[in-house]
Amino acid sequence: MHVGPRPGADESGETTPGVLVVTPLRLEDGSTVMVNRGHLAAHRMDRATRPEVPTWVRVRGVLEEGEIPNLIGRYARVKNRPDRNQYLYLIAPELAENANARNHEECSQALVTAIDVLYEDDFKAGFRRQLPYTMKHKEDYLLFWADEHTHFNYAMQWFGMGTLMLVMTFYKFVEVS
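Count the sequence shown with my numbering and you get residues 2 to 178, in order.
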């Protein structure tokens, strides 16, 4: 299933248009897990450029709920259309509708964002397969929008403004009396 359009980075770090690829992964017991395999550039959308052979695979990833729309987004956004296989947002219950999962209830609760994929055939042969997807890295989850000094600077700013307001108020009361 393709979720997008989405911007993503290619091998050189340049921003390229494309989609996120979400695939149902069948486990040994027959249950299904939704896996966000990563960003696929628009020039690789043709299946002939990325043939896949069904084989055993190990996936390491982060379990996520998907994209949860806010109150405004719930009513003002364009909706996913699972009946037409058109998705704009990573919303697990809607993606699970087309997964043909035996365990639909569990499959629709979350999805795994893949960090690392290892094909069993590659493991035995001793090499890694080149994947057409750009996956998130473990380090991407450790990034935060603010460095350690930002919070200190904001605290000093608010304490400074509070002190200034206190001094101005005290000065006004002393001046009046």
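Backbone N, C-alpha and C define an ideal beta-carbon position, used for all residues, glycine too.
- Query: Do Val4 and Leu26 come within 8 angstroms of each other at the CB atom, strictly closer than that value?
  - Reply: Within the sequence shown, the letter at position 25 stands for residue 26. Within the sequence shown, the letter at position 3 stands for residue 4. Result no, Cβ atoms of Leu26 and Val4 do not sit closer than 8 angstroms.
- Query: The alpha helix (DSSP H) with Gly163 in it runs from where to where?
  - Reply: Along the sequence shown, one-based indexing puts residue 163 at 162. From DSSP, the alpha helix (DSSP H) with Gly163 extends over 149-177.
- Query: How about the segment 74-92 and the segment 147-159: do they share at least three Cβ pairs that are nearer than 8 angstroms?
  - Reply: no
- Query: Can you name the residues that DSSP bridges to Pro18?
  - Reply: On the sequence shown, position 17 is the one that residue 18 refers to. Pro8, per the DSSP bridge assignment.
- Query: If you run the structure through DSSP and keep just helix, strand and coil, what is Pro55?
  - Reply: Taking the sequence shown and counting its residues from 1, the one referred to as residue 55 is at position 54. In the structure shown, Pro55 sits in coil (DSSP, three-state: anything other than H, G, I, E or B).
- Message: Among the candidates Leu28, Tyr90, Ala156, Tyr155, whose CA atom is the shortest distance from the CA of Val20?
- Response: Within the sequence shown, the letter at position 19 stands for residue 20. Taking only the C-alpha atoms, the option nearest Val20 is Tyr90.
- Use the C-beta contact count for Ser109: other C-beta atoms within 10 angstroms, 16 or more gives buried, fewer gives exposed. The sequence position of residue 109 within the sequence shown is 108, counting from 1. Ser109 comes out buried.
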